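**Student:** Before anything else, here's the structure in question.
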DNA sequence: ATGCACTATAGATAACTATCTATGCATGCT
DNA sequence: AGCATGCATAGATAGTTATCTATAGTGCAT
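Chains as they are written, first to last, in our numbering: chain W, 14 to 342; chain X, 14 to 342.
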């Protein structure tokens, strides 16, 4: 038999006939004329090289071969119905997978959004990659992920961005610091202190350094630690001062104080970055949609800055019809 | 998605592409040109409304939807390969089912053929119906079975016949019968004996009675029993005489003797009868073929009379191409 | 025997499919 | 920069399919 020209439609028609036990009846159920169904059947039987139905007491009954074809057809059609459901779930963003790459500092906050999302969409597999800004940039260049979180986005030539959270950088000092009570402090007064800095390649450090440059200031003694946590604990235990994202501080932080330095906090925003040239998975889109709607419930109001609806709109323009392949940059 | 125009061919092509990881490679494996495959893919993706493949480092890799389609396709194609095997087995007569209707007396002999056949083709389901000639005729009229075994076939207008076994009817008497030693006996001498007869509608009785009529004889006292076995035992225990198929007698029958009556044995043959208007199942054909080849090994040589090869030839002429339906008389 | 219900066949047509060759475009290696 | 490789698009064509209307044949029930 030549399977090539077998269509699913043909199987549907065949199944309908077996169920109806009559060609005419099947035809009317399928909204076709009787000769159409007769012919389809004939062609099917010829394709398979076996008669499929016999008339028995006025009712059409499958032959041995026909019965097996009926079984096969039902399985096959059922399998494709399942596939259809799967597709629907994919499209609805209820299922699938996406990966998201986070700049280190954002890991303190993103779970607030990811957690509720995963609860709502347990069938979606999310992969989270975390590293410093430089590492994330590499991933971005290589297009390894669906979504990226940066505070300062890289070139937006191939990407779209949407802010979703304020990320203020503040100066912190240990609780007993001499200037802790002051209403206003000039940065100049602090240059002789020892400063704890993140490693080069970190976004926090980059922001702090370019701020210093703007102010025309240069730090005195510094000490480098590759982790926000380590720095926070270091400051608390008197090793020095630091500029950190407010999100790094626990809600209660009795052993630390925020210094009211003039020009601080450095205002920045975390944003979701999406490559324009990579098709976004439905699941990732679903996640952004979830954020657009539910961000308010997930993060503290004072940090809120939800540009996600706008991002989604722009995405819709970019992501259009399906083609055989997703394009490759 | 519209499943209607989905062909198995399309799925085969898709599977080939996923396996090859490249359109060009798949095309060459399929002996198609690359644009052909490109287009098929495009159409497939459009039918399903989702992109199926992405280019990743020069290799085509399925998307989420594509991966699921690949799974579904393989299952579905596999299912139809199985179906194909099933068909092949059906065609080869290795599998399937048929039913055969036997005149009572034939049940002593047909198992000799059916037994070895079933051993050789254990996947074929055989149904055997047994009854007297009249009952079998009814089944024949109603076309309830694939094969029939008669000694005298009904009208052959709608049927083909092929002899396969001699069925001589002999007169039997109890061992001590006064005429048992004689070399030749005239039927006339036995008319006053009591005769045990099968019921009306039995073939054995019919043959005996028409033979008597030819001879211009009439029986004296008779006694009717609806079973060959009962009659054989009845004769052995002195209830009377009988005319029975030689096949009814066990190989050794010390308590019975065959009387050398003039004009006996009545010669008849069992034959397979096949309706011309009913498609014969491959399995039934296989059974006849088995008989044509192996009958010699299954029955005693003195009963042999194998016309089955001829019957098969005539059948081949009648049974032709497959049509959507088997025809209905 | 007459009619009803069902199936098969014929003939027509618009749409679609499979397949090709030729060509253009992007990517990545050297 | 240039070439090789691989994919996409365009245009052509023969063949196939889906579907219809009209009509003929068949078997069952009255």
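C-beta: ideal position from N, C-alpha, C; glycine also.
Every value quoted in this text rests on a predicted model; they were computed, and no experiment measured them.
Would you kindly work out how many angstroms separate the C-alpha atoms of residue 378 of chain W and residue 164 of chain W, rounded to a whole number?
**Tutor:** Only positions 14 to 342 of chain W appear in the structure, and residue 378 of chain W is not among them; the question remains open.
**Student:** According to DSSP, is residue 167 of chain X part of a helix, a strand, or is it coil?
**Tutor:** Note: residue 167 of chain X maps to coil in three-state DSSP.
**Student:** Does DSSP put residue 336 of chain W in a helix, a strand or coil?
**Tutor:** Legend: pLDDT at residue 336 of chain W = 44, less than 50; position of this residue unreliable, value from coordinates given subsequently. Correct three-state label for residue 336 of chain W: coil.
**Student:** To the nearest angstrom, how far is it from the Cα of residue 114 of chain X to the Cα of residue 161 of chain X?
**Tutor:** Whole-angstrom Cα-Cα distance: 5 Å.
**Student:** Per DSSP, what kind of secondary structure is residue 273 of chain X in: helix, strand or coil?
**Tutor:** Three-state DSSP puts residue 273 of chain X in coil, outside helix and strand.
**Student:** Is there at least one Cβ from chain W nearer than 9 Å to residue 99 of chain X's Cβ?
**Tutor:** Interface residue, yes.
**Student:** Any Cβ of chain X within less than 9 Å of the Cβ of residue 28 of chain W?
**Tutor:** Chain X, which has no Cβ nearer than 9 Å to the Cβ of residue 28 of chain W, makes this no.
**Student:** If we ignore side chains and look at the alpha-carbon of each, how far apart do residue 278 of chain W and residue 36 of chain X end up?
**Tutor:** Taking the straight line from one Cα to the other gives about 55 Å.
**Student:** I need the boundaries of the alpha helix (DSSP H) containing residue 209 of chain W, first residue and last residue.
**Tutor:** First-last for residue 209 of chain W: 208-210, but that is the beta strand (DSSP E), not the alpha helix (DSSP H).
**Student:** Determine whether the beta carbon atoms of residue 303 of chain X and residue 126 of chain X lie at a separation below 9 Å.
**Tutor:** For residue 303 of chain X and residue 126 of chain X, yes; Cβs fall inside 9 Å.
**Student:** Is the CB-CB distance between residue 54 of chain W and residue 27 of chain W below 9 Å?
**Tutor:** Cβ atoms of residue 54 of chain W and residue 27 of chain W: closer than 9 Å.
**Student:** Cβ of residue 294 of chain X within 9 Å of Cβ of residue 109 of chain X?
**Tutor:** Yes, these two residues count as a Cβ contact at 9 Å.
**Student:** With a cut-off of 8 Å on the beta carbons, I'd call residue 144 of chain X and residue 207 of chain X a contact; round off their distance for me.
**Tutor:** Wrong, their Cβ atoms sit about 27 Å apart, outside the cutoff.
**Student:** Can you pull the DSSP bridge partners for residue 144 of chain X?
**Tutor:** According to DSSP, which records beta bridges pairwise, residue 144 of chain X is partnered with X:116.
**Student:** Decide if residue 75 of chain W is buried, meaning its Cβ has at least 16 other Cβ atoms within 10 Å, or exposed.
**Tutor:** Buried: at least 16 other Cβ atoms inside 10 Å.
**Student:** Taking the DSSP output, what are the residues bridged to residue 37 of chain X?
**Tutor:** Bridge partners of residue 37 of chain X: none, in fact.
**Student:** Could you tell me which of X:306, X:57, X:297, X:237 sits nearest to residue 141 of chain X, measuring between CA atoms?
**Tutor:** For the residues X:306, X:57, X:297, X:237, the minimum Cα distance to residue 141 of chain X belongs to X:297.
**Student:** Decide if residue 179 of chain W is buried, meaning its Cβ has at least 16 other Cβ atoms within 10 Å, or exposed.
**Tutor:** Answer is buried; the Cβ neighbour count reaches 16.
**Student:** Note down the Cα distance separating residue 194 of chain W from residue 221 of chain W, rounded to an integer number of angstroms.
**Tutor:** So the two alpha carbons sit approximately 23 Å from each other.
**Student:** Does residue 284 of chain X pass the burial test, meaning 16 or more other C-beta atoms within 10 Å, or should it be called exposed?
**Tutor:** It is buried - the Cβ of residue 284 of chain X has at least 16 other Cβ atoms within 10 Å.
**Student:** Provide the residue span of the beta strand (DSSP E) that contains residue 66 of chain X, from first to last.
**Tutor:** Looking at the DSSP string, the run of the beta strand (DSSP E) that includes residue 66 of chain X is 66-69.
**Student:** DSSP on residue 157 of chain W, reduced to helix/strand/coil?
**Tutor:** Of the three classes helix, strand and coil, the one that applies to residue 157 of chain W here is coil, per DSSP.
**Student:** Quick one: residues in its chain with C-beta nearer than 7 Å to the C-beta of residue 64 of chain X, no 5 flanking neighbours on either side, listed in chain order?
**Tutor:** Closer than 7 Å at Cβ, skipping near neighbours: 58, 76.
**Student:** Given a cut-off of 9 Å, decide if residue 40 of chain X and residue 99 of chain W are closer than it, judged by their beta-carbon atoms.
**Tutor:** Not closer than 9 Å, so no.
**Student:** Going straight from the alpha carbon of residue 185 of chain X to that of residue 155 of chain X, what length do you get?
**Tutor:** Near 36 Å, if we compare the C-alpha coordinates of residue 155 of chain X and residue 185 of chain X.
**Student:** Span of the alpha helix (DSSP H) holding residue 58 of chain W?
**Tutor:** Element bounds for residue 58 of chain W: 47-61.
**Student:** Just verifying my parser: in three-state terms, what is the DSSP assignment at residue 344 of chain W?
**Tutor:** Chain W is shown from 14 up to 342; residue 344 of chain W falls before or after that span and cannot be answered.
**Student:** Counting only the same chain and skipping the five closest in sequence on each side, list residues whose C-beta sits under 7 Å from that of residue 103 of chain W.
**Tutor:** Excluding sequence neighbours, residue 103 of chain W sits near 109, 295.
**Student:** Please state the DSSP three-state secondary structure of residue 214 of chain W.
**Tutor:** DSSP places residue 214 of chain W in coil when its eight states are reduced to three.
**Student:** Using a Cβ cut-off of 9 Å, pull out every chain W residue sitting near residue 31 of chain X, in sequence order please.
**Tutor:** Ordered by position in chain W, no residue passes the 9 Å Cβ test against residue 31 of chain X, which lies about 12 Å from the chain.
**Student:** Within a Cβ cutoff of 7 Å, which residues of the same chain sit near residue 251 of chain X, ignoring the five residues on either side of it in sequence?
**Tutor:** Correct list, in chain order: 187.
**Student:** Could you give the distance in angstroms between the alpha-carbon of residue 29 of chain W and the alpha-carbon of residue 31 of chain X?
**Tutor:** Each residue's alpha carbon lies about 33 Å from the other.
**Student:** Can you list the residues of chain X that residue 16 of chain W reaches, using a CB-CB cut of under 7 Å?
**Tutor:** Under the 7 Å cutoff, chain X gives 21, 93.
**Student:** Could you please tell me which residues of the stretch 128-154 of chain X, in chain order, have their CB closer than 7 Å to any CB of chain W?
**Tutor:** Listed by position, the residues of the stretch 128-154 of chain X near chain W (Cβ gap below 7 Å) amount to none.
**Student:** Who are the neighbours of residue 163 of chain X on chain W, taking C-beta pairs under 8 Å?
**Tutor:** None at all; the shortest Cβ gap to chain W is about 24 Å.
**Student:** Can you grab the Cα-Cα spacing for the pair residue 158 of chain X / residue 260 of chain X, in whole Å?
**Tutor:** Roughly 24 Å between the two C-alpha positions.
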